[in-house]
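In UniProt numbering, the protein residues as written are 1 to 236. Note that beta-carbon positions come from the ideal geometry of N, C-alpha and C, so glycine has one too. Written below as C-alpha cells is the structure these notes are about.
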Amino acid sequence: MTFADYRQQHPQQLLSEQLRNYAEADWNRAVNHAFTEALGDDCLADAVYARYLVQDYAFIDTLVNLVARTIANAPAMPPKTVLAGFLAALTSDENTYFLRSFEALGLSETDYLNPELHPVSRAIIDTMKTSEVCYEDAIICLCVAEWSYLSWSQLQAGKPRGCRFYLQEWIDIHVLPEFEQFVTWLRAQVDSFADRDDATLERLAKLFRCMCVLEHQFFSASLDPASVTEQEVPRV
Ligand SMILES: Cc1ncc(CN)c(N)n1
C-alpha cells in the first residue's frame, strides 16, 4: 500500500500518527525490543551495554551536526530556539553521561573514539548526513530517533530502579519532561508537513520507516552484532 492510500483510509489521523502507524510493525519492534526490556529489567550484561554505548557515541557527532544544520535551515526563529535547546542538552548533559558511563564500564578513549562501525551504525550516520540538507527530512529523522526513545523509555521507567547508574540514567534522560516536550514539538513540526505534495510525503514515509528499521536493528546488533547483516540494512 502506498502512503497516499494509507492517508486516504485514515484521514482523521495527524501526519505523525499516520507515519507511525504506516510503519507500525517496525516502530513496534524498535519500541518493544529485547534490548530495552533487558535494560529496564537491569539484566543487560555490561559488555553488551558497552558495545551499544560505543556505537551510539560514534554518531553523536553526526547527530549534533544534523541539529546544527537544521537550526540553519529552520524557516523561523521559534524552531531555531527549540532546536538550539536540544543541541545544548546533547553537547552538555548527554555528552558527559557518555563519558561518565565509559569510565564506569572501564572503557578508555582508545575503546570509544573511532571504533569499528557496525553496518547499522554506518547506515544511521549516512541517513542523517543525507537528511541534513532538507528541513523536512531532518525533522523526520529526529522525530523517529527521539520519539522512539521516549516511547521505549516510558515503558521501562515504571520498573524497579536498578543500581547501575548508566542503565538507569539512560532511561531517566529520555523521560524528562523537557525531553517529552521536545518530542511533542517534533511531532507538531511533522504534522505541519501535511500540506506537502504526494511525492514528498511518500519520500518522508519511506524515510520514517527506514529510521524505524535502523532503530530496531541497532538494538539487535548491540545484543548480537552477527544478527544483522550488511544486506539487511535499509538505505534511503
Ligand atoms: C540509535 C539511537 N537513536 C536515538 C537516540 C536518541 N537520541 C540514540 N541515542 N541512539
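Judging by CA-CA distance, which residue of the options is the nearest neighbour of residue i?
{"i": "Tyr49", "options": "Ala30, Phe208, Met211, Arg164", "result": "Arg164"}
{"i": "Phe86", "options": "Ala45, Leu186, Asp126", "result": "Leu186"}
{"i": "Ser92", "options": "Asp126, Ile173, Ile71", "result": "Ile173"}
{"i": "Phe193", "options": "Val67, Pro75, Asn32", "result": "Pro75"}
{"i": "Glu169", "options": "Asn28, Leu19, Leu53", "result": "Leu53"}
{"i": "Ala47", "options": "Asp197, Gln189, Tyr166, Cys212", "result": "Tyr166"}
{"i": "Glu116", "options": "Pro177, His10, Tyr57, Leu142", "result": "Tyr57"}
{"i": "residue 239", "options": "Cys141, Phe102, Leu113, Ser222", "result": "Residue coverage of the chain in this structure runs from 1 to 236, which leaves residue 239 outside it and unanswerable."}
{"i": "Asp42", "options": "Asn32, Pro11, Glu103, Gln156", "result": "Gln156"}
{"i": "Val133", "options": "Tyr22, Ala38, Leu44, Val67", "result": "Val67"}
{"i": "Ala23", "options": "Tyr97, Cys210, Ala4", "result": "Cys210"}
{"i": "Pro79", "options": "Val183, Thr229, Ser227", "result": "Val183"}
{"i": "Gln231", "options": "Arg122, Ser101, Leu14", "result": "Arg122"}
{"i": "Glu178", "options": "Leu44, Ala104, Glu215, Ala88", "result": "Ala88"}
{"i": "Ala84", "options": "Thr70, Tyr97, Asn95, Thr96", "result": "Thr70"}
{"i": "Pro225", "options": "Gln55, Ala104, Arg20", "result": "Gln55"}
{"i": "Asp191", "options": "Glu136, Gly106, Gly158", "result": "Glu136"}
{"i": "Val82", "options": "Glu215, Ser101, His10, Glu180", "result": "Glu180"}
{"i": "Trp147", "options": "Thr110, Pro160, Gly158, Gln189", "result": "Gln189"}
{"i": "Gly162", "options": "His216, Glu37, Asp111", "result": "Glu37"}
{"i": "Gly40", "options": "Leu107, Ile171, Glu94", "result": "Ile171"}
{"i": "Leu176", "options": "Leu105, Glu94, Ser16, Arg51", "result": "Glu94"}
Round the Cβ separation of residue i and residue j to the nearest angstrom and send it over; I've been treating them as touching at under 8 Å.
{"i": "Phe218", "j": "Val120", "result": "5 Å"}
{"i": "Phe59", "j": "Ile139", "result": "The Cβ separation is near 18 Å, so there is no contact."}
{"i": "Phe102", "j": "Ser222", "result": "That belief does not hold up - the Cβ atoms of Phe102 and Ser222 are roughly 15 Å apart, past 8 Å."}
{"i": "Gln9", "j": "Asn21", "result": "About 10 Å; that fails the 8 Å criterion."}
{"i": "residue 240", "j": "Asp198", "result": "Residue 240 lies beyond the residue range present for the chain, which begins at 1 and ends at 236; the question has no answer from this structure."}
Mind checking whether the beta-carbon of residue i lies closer than 6 Å to any heavy atom of ligand 3?
{"i": "Asp26", "result": "By its list of ligands, the structure shown excludes ligand 3, since it contains just ligand 1."}
_When you compare the segment 60-72 with the segment 122-130, are there three or more beta-carbon pairs, one atom per stretch, that lie closer than 8 Å?_
yes
*Are at least three pairs of beta-carbons, each pair with one atom in the segment 202-214 and one in the segment 222-236, less than 8 Å apart?*
yes
*Can we say the segment 131-151 touches the segment 23-36, given the rule of at least three CB pairs closer than 8 Å?*
yes
_Give the list of continuous alpha helix (DSSP H) stretches no shorter than 4 residues that lie fully inside the segment 41-115._
46-57, 60-73, 77-89, 95-104, 109-112
*4-residue-minimum alpha helix (DSSP H) runs that sit fully inside the segment 149-212, ordered along the chain*: Restricting attention to alpha helix (DSSP H) runs no shorter than 4 residues, the segment 149-212 encloses them at 165-173, 177-191, ordered along the chain.
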